[in-house]
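Q: All letters in the sequence shown, in the order written, are residues 7 to 325 by UniProt numbering. Where a beta carbon is used, it is the ideal one built from N, C-alpha and C, also for glycine. In this text, all values refer to a predicted model and were calculated from it rather than measured experimentally.
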Amino acid sequence: IKTIGVLTSGGDAPGMNAAVRAVVRAALKKGMTVYGVKRGYCGLLEDDIEPMDEMSVAGIISRGGTMLYTARSAEFRTEQGVLKAKATCEKYGLEGLVVIGGDGSFRGAADLSAHGILCVGLPGTIDNDIACTDYTIGYDTAMNTAMELMDKLSDTSQSHYRCSVVEVMGRGAGYIALNTGVASGALEIITKEKPYDLDKIAKKMMEFKARGKQNFIIVVAENIGHSEEICKLIQEKTGIESRATILGHVQRGGSPTVRDRVAATEMGYYAVELLEQGIGNRVVGMQGGKIVDFDIQEALSMEKPYDGKLHQIAEDIAF
Ligand code: ATP
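#1: Quick test of your reading: G144 and M273, contact by CB under 8 Å. State the CB separation rounded to the nearest angstrom.
#2: For V43, which residues from the same chain have a beta carbon less than 8 Å from its beta carbon, with the 5 sequence-adjacent residues on both sides left out?
#3: Which residue marks the beginning of the beta strand (DSSP E) containing E194, and which one marks its end?
#4: Strictly by DSSP, which residues pair up with P57?
#5: What first and last residue would you give for the beta strand (DSSP E) that runs through E173?
#6: Specify the secondary structure class of A77 as computed by DSSP and reduced to three states.
#7: Using a Cβ-Cβ cutoff of less than 7 Å, which residues in the same chain neighbour V63 once the five nearest sequence positions on both sides are dropped?
#8: So G291 is in the beta strand (DSSP E); what residue range does that whole segment cover?
#9: Given the structure, does R177 come close to the ligand ATP, in the sense that its CB is under 7 Å from one of the ligand's heavy atoms?
#10: Expressed to the nearest angstrom, what Euclidean distance is found between the alpha-carbon atoms of E194 and E213?
#11: Rounded to whole angstroms, what is the Cα-Cα separation between T244 and K238?
#12: Consider the C-beta atom of R78 and the heavy atoms of the ligand ATP; say whether any pair is separated by less than 7 Å.
#13: Roughly how many angstroms separate the alpha carbons of H232 and E282, rounded to a whole number?
#14: Assuming contact is defined by CB atoms lying nearer than 8 Å, are A19 and T151 in contact in what I supplied?
#15: Please specify which runs of the alpha helix (DSSP H), each continuous and at least 4 residues long, are wholly inside the stretch 75 to 142, giving them in chain order.
#16: If we ignore side chains and look at the alpha-carbon of each, how far apart do L306 and K215 end up?
#17: Between the C-alpha atoms of S261 and V268, what's the straight-line distance to the nearest angstrom?
#18: Going by Cα to Cα distance, which pick from Y47, L124, P57 and S79 is closest to A277?
#19: Quick one: residues in its chain with C-beta nearer than 7 Å to the C-beta of M308, no 5 flanking neighbours on either side, listed in chain order?
#20: Within 10 angstroms of its Cβ, does F300 collect 16 or more other Cβ (buried), or is it exposed?
#21: Kindly indicate which three-state DSSP category I223 falls into: helix, strand or coil?
#22: What separation, rounded to the nearest whole angstrom, lies between the Cα atoms of G65 and D313?
#23: Taking the continuous alpha helix (DSSP H) assigned at L50, which residues delimit it?
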C-alpha cells in the first residue's frame, strides 16, 4: 500500500489527536503518502481532504478534541454514499483508511472495506463501550476529568451536609460511572448493568447519617433515567438536601492523560502496520495489555463484560 487516509468519526475523545499523529508519522516513516480526511465520513463525501506531513501533526499530542474534526453522516449510511466515498478515495489514490471512532464508525468502515478500500478501525470513544478491546482512546482522560469534578462536588456537599447526585457520560454503558464512582468514594453507583432500589439506597443513607456521615455522592450513568428525578426522590425519601449535577460534555475535552496518549500511539502505529501488509476490515484493540486486531463484523458481534466484582467491592466498602 502506498497511500492511506485517516479520519475521526462519531463523538470526539481526548487522544484522537495522538492517534492521528501516530498514524501520519508511522505511514510517512514507511514511505507512504498520507491524507487527513476532515469531519469523518463527510470529508469523503464532500472532498474535504488534505495531504499530511510530519509538521501537520506537530504539537497535537497534548491537545484534546480532534484536529481533523468529526461528524456524523446520514448520507454515508446509504449505498450511494458509500460509492461516493469510494470514488473520492480513488481520486486521491487512497488504498487504505484508518477510522478512529466507535461502533457506528466501524460499521461504516466495514461497508467501505466491502467496496475495496482497506479500512482499519481504532477505538476512539470516552465510553469504553467497544467489546473487542479492554480500553478505548479517551476513556482514561474522561474518567480523570469526571473524578476531579466529583471531588469538587464532594467538598461542597460536605460543607452543606448534602447529597450530590452526579450523572456521568457513557452512552448507556456503566464503565465510566463504575470506575469514577469507586475513585470518588461514592455511596452508590447506579448503572444499567446492576439493578438498583431507591428505597434501599435511602434507608442506607439514613442509617449512615445517624452514624455521623455528612455527605453523600451517588453516581448515575447516562441513559439510566433522569438524574434530576432520582435526586428528587432521594431527597423526598431521606429528607437530606440533594442536588443533581450532570457533568456533560466537559468530560469529552481536555489534554489527554499519559495512558490515552500511549494507547493512541501504539494502536495508531499498529493500524499502519496492518495496512502496510495489505490487511483491512479490522478493528484494533487492547487485551491484557497487548495490541490485538479482529475482523470488523466479529468485533461488532462481541459482548463486553461488566466488572460486577468491582461494583460489589464499591458497595461493600461504601460508607
Ligand atoms: P460514538 O459512539 O463514540 O459517538 P460512533 O462511531 O459509534 O462513536 P456514530 O454516530 O454511531 O458514532 O457513527 C459515526 C458515523 O459512522 C455515522 O455518522 C455514519 O456515517 C457511520 N455509521 C454509523 N452507523 C453505521 C452503519 N450501521 N452503517 C454504515 N455507517 C454507519
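A: Let's see:
#1: Actually they do not touch by this definition, with Cβ atoms about 12 Å apart.
#2: G11, V12, L13, G49, L50, D54, I55, L74 and L103, listed in sequence order.
#3: E194 to I196
#4: Y41
#5: C169 to V174
#6: coil
#7: V26, R27, V30 and R31
#8: Its beta strand (DSSP E) spans residues R288 to Q293.
#9: yes
#10: Going by C-alpha positions, E194 is about 14 Å away from E213.
#11: 10 Å
#12: yes
#13: 48 Å
#14: no
#15: 85 to 98 and 109 to 120
#16: 45 Å
#17: For the pair S261 and V268, the Cα-to-Cα distance works out to about 13 Å.
#18: L124
#19: Result list for M308: A137 and C138, in chain order.
#20: F300 sits buried, since 16 or more C-beta atoms from the chains shown fall within 10 Å of its C-beta.
#21: Three-state DSSP puts I223 in a strand.
#22: Distance between the alpha carbons of G65 and D313: 36 Å.
#23: Y47 to L51
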